[in-house]
Amino acid sequence: MVRRRPALVSLLLALSLVLAACGGAPAAKTGSPQQGQQAASGGKTIRVGLVTDVGGLNDHSFNYLADQGLQRAKTELGIQGQVVESHNQTDYIPNLTNFAQQGYDLVIAVGFLMTDAVKTVAKQYPDTKFLLIDDQIEGMPNVASAMFRSEQAGYLVGALTGLIEKQHALPNLKGRDQVAVIGGMKIPPVDAYIAGFQAGVKAVSPQTKVNLVYEGKFDDPTGGREVALSQIAQGSDILFHVAGGTGTGVIKAAESQGVYAIGVDADQNYLAPQTVITSALKRVDVATFDVIKSVRDGTFQPGVHWFDLTNDGVGYAKPVAAVPQSIVRQVEQIRQQIIDGQIKVPATVSQ
Amino acid sequence: MSLGDFLGVQTWVGTISWGAPIALAALGGTFSERTGVVNIAMEGLMLISAFFSVLGAWALHNAWLGLGVGVVSAMLFALLFAWGAIRFKADQIILGMAINTLAMGLTGYLLNTIFGYGGTPVNTPQLPTVSIPLLASIPWLGPVLFRQNVLIYALFILLVLSHFLLFHTRLGLRMRAVGEHPQAADAAGINVYRIRYLGVLLSGFFSGLAGAYLSIGALNSFNVNMSNGRGYIALAAMIFGGWTPLGAFGASMLFGFASSIAFNLQGLGIPKDLVLMLPYVATIVALAGVVGRTTAPAADGVPYDPSESS
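Residue numbers (the numbering used here), protein chains in the order written: chain X, 1 to 351; chain H, 1001 to 1310.
Pasting the structure below:
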């Protein structure tokens, strides 16, 4: 006689699904309809659902910033917001659908990888508004997309890097005149940063070698560390990462070897204050906040919204004190030249 | 990039550090499978330990205590797995996947609840990297073998101990007997359940070390899903290694080598999508080519029921 207990397995599975769904619990606490404040102007409190990509809210960059924008909207605009994390790419459609089904006014999809999921779900729920971050969807009346000219931010930190290499301006440089970029997946929003970085270094210091490696994932910090250690051993002394959660390992490797790193999306200096000399910024928080505000004010515009240096949608974090002021001034001049249109920054990578 | 860089010291250092967490888990998997339990839950056990190691190290201000917390947490979840798989004879694959999903959800939930969205604290203690005097200054061999994180030395020691335990002790013989023919082992007076619990618990212990290596060995932080499939690769390495500790170690290091050179090959201009597949392709080729000639323990994956005759 064989006795099996499918009930035990079912129970475990159910428990794990419940826990998986609880990923966004802290945000959920403030999300219940009863607690929402009335919006200042609209009369009706709008509800906003945010779906993160697989890196999770603790990625120190992209998803984190989107949540920051949502939190700001909650306090400043009195909207209700709820967050749910995606653990797999197969979570995108269920997560987006879930918010739309519950009648949320705006559903935000954080990340290029969610483009197809947004197209599918937005078609089924024409009365719900959607915001896609980092890819373009045009011609759908209920979808807005936020695009960033990240290549401009990449160009600026690239120019800073090139000038530092050229002038041997930091104490722990190895003198090999070689730097590295470590990407996550090879997707357009990552490559935009990288293309800008390559062009920025080349513009000010053509002889500096820029190695380019993709780690292949956004959520593998241990792997990011190994890739970075290998680049450092080959002579790179400034490492720019465009790799989400994987990048925290890159920064850690640079710190352990006493070389330098450049953060991405958010100002990541706090991760290693002596190591992260600046960060290329992409104000996902600003984009998120602006579009939430437009929904509240009834001025929502579908189509593509561009964020770049002219509207402070991209930029670079204040460099650490060790970076000479002369270099920072030069980078500021370059920044102005990009805004004035004197410098055109490419958005595609050269291998 | 020159060929010197390509096969230089750093490639071998990388081989060890890519391979180590996989090898640790694979060693544990050997014990579980040798006693007859397929442990696909190693992925989840690693993730559980990775999280609780950071939590422990941060809360107790000590990386060693963190390691202890991580390993014990992985063993507790291994016990849960063993309870379902052995006592209740649940399907081991489905139960293992349930543990993996649970680990993902639980660690994500606790990360957000305890640490908030800012991630784990940057001042979390880390397990030390130790240079062994004299040996560390040997050219090539020094940096590759003797300038490593403490958990990598632990791996080398545990590798030898595991081999000895499994093939040169009475307990090892009993474990293998239970995995091959539990009815006969039972008839010979061996407590089949107890031996299987031990096998799965050992697997939890090793997966715990592997998870701790990822979070407080190589780094001092936890990220969502940071085990990133290494538990599954460990399962493959253990099979490729013919269900033996030495084989599992060798297969893990082969994977480590493939990972290590993969990132150097990108620099040589080989298409990066092909290169990133390399470690996995190597695993598939190795499994397809070699597994035909190795044999799994006969009762591997089959719940033991004394009332069934065979």
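For glycine and all other residues, C-beta sits at the position ideal for the given N, C-alpha and C.
Per-residue burial, residue i [other beta carbons within 10 Å of its own, 16 or more giving buried]
{"i": "Val1160 of chain H", "result": "exposed"}
{"i": "Val352 of chain X", "result": "Limits of chain X in this structure are 1 at one end and 351 at the other, which puts residue 352 of chain X out of reach."}
{"i": "Thr299 of chain X", "result": "exposed"}
{"i": "Arg283 of chain X", "result": "buried"}
{"i": "Ala1164 of chain H", "result": "The amino acid occupying residue 1164 of chain H in the given sequence is Phe; Ala does not appear at that position. Classification of Phe1164 of chain H: exposed, given that the 10 Å Cβ count is below 16."}
{"i": "Tyr1109 of chain H", "result": "buried"}
{"i": "Asp53 of chain X", "result": "buried"}
{"i": "Pro1139 of chain H", "result": "exposed"}
{"i": "Ala1020 of chain H", "result": "buried"}
{"i": "Lys44 of chain X", "result": "exposed"}
{"i": "Leu229 of chain X", "result": "buried"}
{"i": "Arg329 of chain X", "result": "exposed"}
{"i": "Tyr270 of chain X", "result": "exposed"}
{"i": "Asn1264 of chain H", "result": "buried"}
{"i": "Lys217 of chain X", "result": "buried"}
{"i": "Pro33 of chain X", "result": "Confidence in Pro33 of chain X is poor, its pLDDT being 38 and thus under 50, which makes the residue's placement too unreliable to answer from."}
{"i": "Phe1077 of chain H", "result": "buried"}
{"i": "Lys74 of chain X", "result": "buried"}
{"i": "Ser994 of chain H", "result": "This structure leaves residue 994 of chain H out entirely; chain H is present only between 1001 and 1310."}
Residue i vs residue j beta-carbon contact at 8 Å
{"i": "Gly1036 of chain H", "j": "Asp1300 of chain H", "result": "yes"}
{"i": "Ala1248 of chain H", "j": "Thr1283 of chain H", "result": "no"}
{"i": "Asp219 of chain X", "j": "Gly196 of chain X", "result": "no"}
{"i": "Phe99 of chain X", "j": "Gly49 of chain X", "result": "yes"}
{"i": "Ala272 of chain X", "j": "Leu239 of chain X", "result": "no"}
{"i": "Ala1063 of chain H", "j": "Met1046 of chain H", "result": "no"}
{"i": "Leu57 of chain X", "j": "Asn1112 of chain H", "result": "yes"}
{"i": "Gly247 of chain X", "j": "Val264 of chain X", "result": "yes"}
{"i": "Ser1215 of chain H", "j": "Val1069 of chain H", "result": "no"}
{"i": "Met1075 of chain H", "j": "Leu1201 of chain H", "result": "yes"}
{"i": "Asp127 of chain X", "j": "Arg47 of chain X", "result": "no"}
{"i": "Ala254 of chain X", "j": "Ile232 of chain X", "result": "yes"}
{"i": "Leu173 of chain X", "j": "Ile327 of chain X", "result": "no"}
Chain X residues whose Cβ lies nearer than 8 Å to that of residue i
{"i": "Tyr1117 of chain H", "result": "Pro26, Leu57, Asn58, Tyr64, Asp67"}
{"i": "Ser1221 of chain H", "result": "Pro221, Thr248, Lys252"}
{"i": "Asn1264 of chain H", "result": "Ser230"}
Integer Cβ distance of residue i from residue j, believed to fall under 8 Å
{"i": "Gly1056 of chain H", "j": "Gly1066 of chain H", "result": "4 Å"}
{"i": "Val110 of chain X", "j": "Leu96 of chain X", "result": "The pair is not a contact, with the Cβ atoms about 11 Å apart (cut-off 8 Å)."}
{"i": "Val179 of chain X", "j": "Thr208 of chain X", "result": "6 Å"}
{"i": "Arg149 of chain X", "j": "Asp285 of chain X", "result": "So it is not a contact: roughly 17 Å between Cβ atoms."}
{"i": "Ala266 of chain X", "j": "Ser279 of chain X", "result": "7 Å"}
{"i": "Ala192 of chain X", "j": "Tyr155 of chain X", "result": "With a Cβ gap of about 10 Å, Ala192 of chain X and Tyr155 of chain X do not count as contacting."}
{"i": "Leu1189 of chain H", "j": "Ser1207 of chain H", "result": "The sequence given here has Gly at residue 1189 of chain H, not Leu. About 30 Å separates the two Cβ atoms, so there is no contact after all."}
Under 8 Å from the C-beta of residue i: neighbouring residues of chain H
{"i": "Lys186 of chain X", "result": "Lys1272, Asp1273"}
{"i": "Asn95 of chain X", "result": "In chain order: nothing, as chain H lies at least about 14 Å away."}
{"i": "Tyr270 of chain X", "result": "Val1122"}
{"i": "Asn98 of chain X", "result": "Result: empty, since nearest Cβ-Cβ is about 16 Å, beyond 8 Å."}
{"i": "Tyr214 of chain X", "result": "Gln1266, Lys1272, Leu1276"}
{"i": "Gly81 of chain X", "result": "The premise fails here: Gly81 of chain X is roughly 13 Å from chain H at the closest Cβ pair, so nothing lies under 8 Å."}
{"i": "Lys217 of chain X", "result": "Asn1228"}
Neighbour list for residue i in chain H, Cβ cutoff strictly below 7 Å
{"i": "Ala354 of chain X", "result": "Residue 354 of chain X is absent from the model: chain X starts at 1 and stops at 351."}
{"i": "Arg353 of chain X", "result": "Nothing about residue 353 of chain X can be read from this structure; chain X reaches only from 1 to 351."}
{"i": "Tyr92 of chain X", "result": "Those within 7 Å of Tyr92 of chain X in chain H number zero; the least Cβ separation is about 15 Å."}
Span separating the alpha-carbon of residue i from that of residue j
{"i": "Phe130 of chain X", "j": "Gly1256 of chain H", "result": "43 Å"}
{"i": "Gly372 of chain X", "j": "Ser145 of chain X", "result": "Missing from the structure shown is residue 372 of chain X; chain X here goes from 1 to 351 and no further."}
{"i": "Ser350 of chain X", "j": "Ala1103 of chain H", "result": "40 Å"}
{"i": "Glu226 of chain X", "j": "His305 of chain X", "result": "37 Å"}
{"i": "Thr288 of chain X", "j": "Ala66 of chain X", "result": "6 Å"}
{"i": "Asn1039 of chain H", "j": "Leu1134 of chain H", "result": "40 Å"}
{"i": "Gly1084 of chain H", "j": "Asp135 of chain X", "result": "45 Å"}
{"i": "Gln336 of chain X", "j": "Gln68 of chain X", "result": "28 Å"}
{"i": "Thr315 of chain X", "j": "His168 of chain X", "result": "Here residue 315 of chain X turns out to be Gly, not Thr, going by the sequence shown. Approximately 24 Å between the Cα atoms of the pair."}
{"i": "Ile292 of chain X", "j": "Ala1251 of chain H", "result": "52 Å"}
{"i": "Gly139 of chain X", "j": "Arg296 of chain X", "result": "22 Å"}
{"i": "Val83 of chain X", "j": "Phe1222 of chain H", "result": "20 Å"}
{"i": "Gln124 of chain X", "j": "Thr1101 of chain H", "result": "29 Å"}
{"i": "His60 of chain X", "j": "Ser1131 of chain H", "result": "32 Å"}
{"i": "Phe1081 of chain H", "j": "Phe1088 of chain H", "result": "10 Å"}
{"i": "Gln35 of chain X", "j": "Tyr92 of chain X", "result": "Note that Gln35 of chain X has pLDDT 37, beneath the 50 cutoff, so the model's placement of it is unreliable and the number below is only indicative. Distance between the alpha carbons of Gln35 of chain X and Tyr92 of chain X: 27 Å."}
{"i": "Gln1148 of chain H", "j": "Leu1079 of chain H", "result": "31 Å"}
Contact list for residue i against chain H, beta-carbon separation under 9 Å
{"i": "Val84 of chain X", "result": "Those do not exist, as Val84 of chain X stays about 11 Å from chain H at its closest Cβ, beyond 9 Å."}
{"i": "Val54 of chain X", "result": "Val1224, Asn1225"}
Residue i Cβ short of 7 Å to the ligand SAM heavy atom set
{"i": "Ala1090 of chain H", "result": "Judged by which ligands are present, the structure shown has none, so any question about the ligand SAM falls away."}
Chain-ordered chain X contacts of residue i [CB-CB under 7 Å]
{"i": "Leu1111 of chain H", "result": "Asn58"}
{"i": "Leu1214 of chain H", "result": "Thr222"}
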